[in-house]
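Undergrad: Structure in structure tokens, see below.
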Amino acid sequence: MIDFSTAKAITIPEGRVKKITRKSDSVVLWEKVTSRIPSEYQEVEYVTKQLGVNSYINLGFAFDTEATIYISYKKDIANRSLYLFGAAENSGKLRCMISDMASITAYGSSGSAYIGQTIASTAERRDLKYVLKQGHIQVEDTRSGVISGIGTSQATYTMTNNLALFAQNYNGSVRFNGYCELFYFAYYDKNDTLICELVPCYRKSDGEIGVYDVVRNIFLVNVGTGVFAKGSDV
1 MIDFSTAKAI
11 TIPEGRVKKI
21 TRKSDSVVLW
31 EKVTSRIPSE
41 YQEVEYVTKQ
51 LGVNSYINLG
61 FAFDTEATIY
71 ISYKKDIANR
81 SLYLFGAAEN
91 SGKLRCMISD
101 MASITAYGSS
111 GSAYIGQTIA
121 STAERRDLKY
131 VLKQGHIQVE
141 DTRSGVISGI
151 GTSQATYTMT
161 NNLALFAQNY
171 NGSVRFNGYC
181 ELFYFAYYDK
191 NDTLICELVP
201 CYRKSDGEIG
211 VYDVVRNIFL
221 VNVGTGVFAK
231 GSDV
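Numbering of the sequence shown is given in the numbering used here, commencing with residue 1 and proceeding in unit increments.
Here is the structure:
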């Protein structure tokens, strides 16, 4: 018997399948999950920041005291330098930020200097869990099980620079590097409340590519130059 439990989409020569039922008793074996985003948007596999294009998302909020962040992405291993996410201020001493270079570094701060935890970079898709709280900084790839040690010198601080995605808001100036396919992003605040969960998509009316935040019910688009690319419809 075919296992449909992990299938997100099924395509046959006639087109995309919406439902599969068993002929003998009409039991539903598989059904396409209804999109979580409004009907005027089309969900896609991922949104792409292309190499050499300065496109990015302004998330519209800053790091405050503590956060747990989930980012699922894939980079171009041939171009190792990727400014994936975050912000830094006070001459870079305060950080909530991830860079994927020769290794993946998740940054925080002791209050007087930046600190970081690292795991190996790879050409494979990464599903990162990044935790910042007093006395604790850690990054983990939940897909592979690779996890850093725990940094214990993380301080308590609040930042004012909005966090960026596909780039970094570094001391008030946005910096870019690398190629990135973003599959998923979620941000839990100091109260462990989900305040941002992003679904890659495009607006059907004009083809504008961006991400839909299912928590704030807003469509976030590129505020840099150039345009995003996208994966297949889901």
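Quick reminder that beta carbons are idealized off the backbone N, C-alpha and C, glycines included.
Report the option in Y179, S72, G226 whose CA atom is closest to the CA atom of F185.
TA: Locating residue 185 in the sequence shown gives position 185, counting from the first residue. Answer by Cα proximity: S72.
Undergrad: R22: buried (16+ other C-beta within 10 angstroms of its C-beta) or exposed?
TA: Position 22 of the sequence shown, counted from the start, is the residue given in the question as residue 22. That one is exposed.
Undergrad: From D100 to T122, what distance separates their C-alpha atoms?
TA: For the purposes of this step, residue 100 is taken as residue 100 along the sequence shown, with counting starting at 1. For the purposes of this step, residue 122 is taken as residue 122 along the sequence shown, with counting starting at 1. D100 and T122: Cα-Cα distance of roughly 9 angstroms.
Undergrad: Within 10 angstroms of the Cβ of S55, are there 16 or more other Cβ atoms? Answer buried if so, exposed if not.
TA: For this step, residue 55 is matched to residue 55 along the sequence shown. The residue is buried, with at least 16 neighbouring Cβ atoms inside 10 Å.
Undergrad: Taking 8 angstroms as the threshold (C-beta atoms), are A167 and Y83 in contact?
TA: Mapped onto the sequence shown, residue 83 falls at position 83. Mapped onto the sequence shown, residue 167 falls at position 167. A contact, by the Cβ cut-off of 8 angstroms.
Undergrad: Which residues bound the beta strand (DSSP E) around L163?
TA: Here residue 163 refers to the residue found at position 163 when the sequence shown is read from its first residue. Careful: L163 lies outside any beta strand (DSSP E) and carries neither H nor E.
Undergrad: Just tell me which of C201, L220, G226 has its CA closest to the CA of Q42.
TA: Position 42 of the sequence shown, counted from the start, is the residue given in the question as residue 42. Selected option, being the one with the closest Cα: C201.
Undergrad: For my contact list, L163 and F85 are in at a C-beta cut-off of 8 angstroms; report their separation, rounded to the angstrom.
TA: Here residue 163 corresponds to residue number 163 of the sequence shown, with the count starting at 1. Here residue 85 corresponds to residue number 85 of the sequence shown, with the count starting at 1. Going by Cβ atoms, the distance from L163 to F85 rounds to 7 angstroms, so yes, they are a contact pair.
Undergrad: Is it buried or exposed for K204, if we count other Cβ within 10 angstroms and need 16 for buried?
TA: The residue given as residue 204 occupies position 204 in the sequence shown. Taking every protein chain shown into account, the CB of K204 has fewer than 16 other CB atoms within 10 angstroms, so this residue is exposed.
Undergrad: Rounded to the nearest angstrom, what separates A88 and I10 at their Cα positions?
TA: Counting from 1 along the sequence shown, the entry for residue 88 is found at position 88. Counting from 1 along the sequence shown, the entry for residue 10 is found at position 10. Their Cα atoms are separated by approximately 43 angstroms.
Undergrad: Would you kindly work out how many angstroms separate the C-alpha atoms of R30 and N171, rounded to a whole number?
TA: Numbered from its first residue, the sequence shown carries residue 30 at position 30. Numbered from its first residue, the sequence shown carries residue 171 at position 171. Checking the sequence, you will find Trp at residue 30 rather than Arg. Rounded to whole angstroms, the gap between the alpha carbons of W30 and N171 is 49 angstroms.
Undergrad: Within 10 angstroms of its Cβ, does G135 collect 16 or more other Cβ (buried), or is it exposed?
TA: In the sequence shown, the residue the question calls residue 135 occupies position 135. G135 comes out exposed.
Undergrad: So, Y46 versus I98, is the Cβ gap smaller than 8 angstroms?
TA: Within the sequence shown, numbered from 1, the residue matching residue 46 stands at position 46. Within the sequence shown, numbered from 1, the residue matching residue 98 stands at position 98. In terms of Cβ geometry, Y46 and I98 do not form a close pair [threshold 8 angstroms].
Undergrad: Can you give me the start and stop residues for the beta strand (DSSP E) that R203 sits inside?
TA: Your numbering for residue 203 matches position 203 in the sequence shown. Residues 194-203.
Undergrad: Under 8 angstroms, with one C-beta from each stretch per pair, do the segment 56-67 and the segment 214-226 reach the 3-pair mark?
TA: yes
Undergrad: In three-state DSSP terms, what is Y118?
TA: The residue given as residue 118 occupies position 118 in the sequence shown. The amino acid occupying residue 118 in the given sequence is Thr; Tyr does not appear at that position. Assignment of T118 by DSSP, reduced to helix, strand and coil, places it in the strand class.
Undergrad: Mind checking whether V199 and I37 have CB atoms under 8 angstroms apart?
TA: One-based indexing of the sequence shown puts residue 199 at position 199. One-based indexing of the sequence shown puts residue 37 at position 37. In this structure, I37 lies closer than 8 angstroms to V199 by Cβ.
Undergrad: The beta strand (DSSP E) spanning Y70 covers which residue range?
TA: Here residue 70 is taken as the residue at index 70 of the sequence shown, counted from 1. Run containing Y70: 67-75, per the beta strand (DSSP E) assignment.
Undergrad: To the nearest angstrom, how far is it from the Cα of Y179 to the Cα of S24?
TA: Here residue 179 refers to the residue found at position 179 of the sequence shown. Here residue 24 refers to the residue found at position 24 of the sequence shown. Near 49 angstroms, if we compare the C-alpha coordinates of S24 and Y179.
Undergrad: In the DSSP assignment, what residue or residues form a beta bridge with G224?
TA: To locate residue 224, count along the sequence shown from 1; it is residue 224. Beta-bridge pairing links G224 to no other residue.
Undergrad: Enumerate in chain order the residues of its own chain whose CB-to-CB distance from A62 is below 7 angstroms, with the five nearest sequence positions on each side excluded.
TA: Residue 62 sits at position 62 when you count from the first residue of the sequence shown. Same-chain partners within the cutoff: A87, M159, T160, N161, N162, L163.
Undergrad: In or out: S148 buried (at least 16 other Cβ within 10 Å) or exposed?
TA: Here residue 148 refers to the residue found at position 148 when the sequence shown is read from its first residue. Residue environment: S148 is assigned as buried (16 or more neighbouring CB atoms within 10 Å of its CB, all protein chains considered).
Undergrad: Contact check, R125 vs K74 under 8 angstroms by CB: the rounded distance?
TA: Along the sequence shown, one-based indexing puts residue 125 at 125. Along the sequence shown, one-based indexing puts residue 74 at 74. Yes, R125 and K74 are in contact; Cβ-Cβ is about 4 angstroms, under 8 angstroms.
Undergrad: By how many angstroms is the C-alpha of Q50 removed from the C-alpha of L94?
TA: Here residue 94 corresponds to residue number 94 of the sequence shown, with the count starting at 1. Here residue 50 corresponds to residue number 50 of the sequence shown, with the count starting at 1. In a straight line, the C-alpha of L94 is about 28 angstroms away from that of Q50.
Undergrad: Please determine, among L128, N191, G111, the residue with the shortest C-alpha to C-alpha distance to T118.
TA: Here residue 118 refers to the residue found at position 118 of the sequence shown. Cα-wise, what sits closest to T118 is L128.
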